[in-house]
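The next block holds one structure in the form of structure tokens; read it before the comments.
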Amino acid sequence: MSRQPERRIAGEVSARAGNGGGVWPELFVEAVAREVAVAAANGDGALVAGPAVVTIFQVCSTWRNISNSEILWEALARHVWDASQTTRRMHSWREEFIRLHLTASNFRHNRAKHTSAIEYEVSSDSSGNGTGS
1 MSRQPERRIA
11 GEVSARAGNG
21 GGVWPELFVE
31 AVAREVAVAA
41 ANGDGALVAG
51 PAVVTIFQVC
61 STWRNISNSE
71 ILWEALARHV
81 WDASQTTRRM
91 HSWREEFIRL
101 HLTASNFRHN
111 RAKHTSAIEY
121 EVSSDSSGNG
131 TGS
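Structure (structure tokens):
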């Protein structure tokens, strides 16, 4: 009894275990990457989301191509770092995610300092006590 080859529609993914021949749809891979990053951020903190999602991109070339998705990076920046269009400073959401990650990492490892940009003068009144103005 010979087994006939499985017929598939273009783009369809087989759910059979052990089948590595199918191509995963981009939306599915983006959803997996997003869920991995969100789970990592919710569980161990926002700084863990970056390395977690990069691990997803190492699965294969198809999954690596998802790393170019602006939609994915925007979703990650918004969820992991609570970024919005008004706070975006970089040309792409990927660059913005990296900037936010590096900024948080620098503060966590004491490689950055925060200073106030507000200056004020100290003047002396007639009693010699310093008062701020």
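Quick note on numbering: full-length UniProt numbering labels position 13 of the sequence shown as 13, and the sequence is numbered without any gaps.
All C-beta atoms, glycine included, are put in the ideal place defined by N, C-alpha and C.
In three-state terms, what does DSSP make of isoleucine 71? helix
Counting Cβ pairs, one atom from each stretch, are 3 or more of them under 8 Å apart for the region 102-110 and the region 64-76? no
For leucine 100, does the count of other Cβ atoms within 10 angstroms reach 16, so buried, or fall short, so exposed? buried
Alpha-carbon to alpha-carbon, isoleucine 118 and valine 59: 48 Å
Apply the 10 Å Cβ neighbour rule to alanine 10 and answer buried if 16 or more other Cβ atoms are within range, or exposed otherwise. Low per-residue confidence applies at alanine 10: pLDDT is 43, beneath 50, and the placement is therefore not dependable enough to give any value.
Please name the residue, chosen from Asp82, Glu96, Met90, that lies closest to asparagine 42 on a Cα-to-Cα basis. Asp82
Going by DSSP in three states, tryptophan 63 sits in which element: helix, strand or coil? helix
With 16 as the cutoff for other CB atoms within 10 Å, does alanine 39 come out buried or exposed? exposed
How close, in whole Å, do the beta carbons of glutamate 96 and alanine 75 come, if the pair is a contact with beta carbons under 8 Å? With a Cβ gap of about 12 Å, glutamate 96 and alanine 75 do not count as contacting.
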